[in-house]
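Number of protein chains: 2
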Amino acid sequence: MSDDPTHSDPDKYKVAFENDRVRVLEYLDHPGDQTTEHAHPDSVMYTLSSFRRRLYGADGDSRDVEIEAGTTGWLPAQIHAGHNIGNSDTHVIFVELKQPGVASHRPGPLGPALA
Amino acid sequence: MSDDPTHSDPDKYKVAFENDRVRVLEYLDHPGDQTTEHAHPDSVMYTLSSFRRRLYGADGDSRDVEIEAGTTGWLPAQIHAGHNIGNSDTHVIFVELKQPGVASHRPGPLGPALA
């Protein structure tokens, strides 16, 4: 079942800040780690490490992503699970937007849209 | 005159990402640097360095802040100028929210509200 990532993977997702507009999550895992399927709202991502991951969508599709530290991306609302298939930790800040936007009604890519 | 920080201080504020929901700015300065007065919308801040700054409000008030690297804060919409009064660079990611919220109508503190 899809769920809040702080419930599906509480060892990896920590709430860094929350108010009525946003919730900020800090994600940290290690090579080989996998997450349980979970849901993200429209979010900004900022990468604190360079990493390589395989993302699995709810429809059985998958996508490999390799992202450098210091990258800002947009994660459109989606359900997915992730697998750290690289040799480095994945360390990411997610700024979740609580106000839905028009953009969230469009189908988006699996994983982030990078700047 | 108050202004967009990418106009008032284009050498320090860079646009890292923008869509219809958010604009993400990367701020970088060095010890002794000062900014021209500028306006921020409601924003999430994430600090990439530890730093010490003196903030000057539009009303002539000021506040010194000392913040550790890896801190998430909420910057309520405000007009201010800043002065790096420490011995380290100030390096911060700002996620500016384009949708106004109820919170932005409340008077907020000068500088960030830290988690």
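Protein chains in written order, with numbering that gives the first Met the number 0: chain F, 0 to 114; chain D, 0 to 114. A virtual CB, placed ideally from N, CA and C, is assigned to each residue, including glycine. Given the structure is predicted, the values throughout are model-derived calculations rather than measurements.
Buried or exposed for residue i, going by 16 or more other Cβ atoms inside 10 Å?
i              : result
residue 37(F)  : buried
residue 42(D)  : buried
residue 14(D)  : exposed
residue 19(F)  : exposed
residue 31(D)  : exposed
residue 86(D)  : exposed
residue 110(F) : buried
residue 67(F)  : exposed
Can residue i and residue j be called in contact, C-beta distance under 8 Å?
i              : j             : result
residue 112(F) : residue 81(F) : no
residue 10(F)  : residue 88(F) : no
residue 125(D) : residue 45(F) : Since the first residue of chain D shown is 0 and the last is 114, residue 125(D) is not available in this structure.
residue 40(D)  : residue 24(D) : no
residue 97(D)  : residue 22(D) : yes
Could you tell me whether any Cβ in chain D is nearer than 8 Å to the Cβ of residue i?
i              : result
residue 92(F)  : yes
residue 5(F)   : no
residue 16(F)  : yes
residue 71(F)  : yes
residue 45(F)  : yes
residue 102(F) : Residue placement at residue 102(F) is poorly supported in this model, since its pLDDT is 49, which falls under 50; the coordinates still yield a value, given next. By this cut-off, residue 102(F) is an interface position.
What distance in whole Å lies between the Cβ atoms of residue j and residue i, which are believed to be in contact at a cut-off of 8 Å?
i             : j             : result
residue 54(D) : residue 64(D) : 6 Å
residue 92(F) : residue 47(F) : 7 Å
residue 7(D)  : residue 35(D) : 4 Å
Can you find a CB in chain F that lies within less than 8 Å of the CB of residue i?
i             : result
residue 98(D) : yes
residue 68(D) : no
residue 64(D) : no
Anything in chain B within Cβ reach of residue i, meaning under 7 Å, just list it in chain order.
i             : result
residue 41(D) : Within the model displayed, chain B is absent; protein chains F and D are what it includes.
Check: Taking the runs of the beta strand (DSSP E) that are 3 residues or longer, which of them lie wholly in the segment 10-93 of chain D?
Finding: 12-17, 21-28, 37-39, 42-46, 50-56, 61-66, 71-74, 77-83
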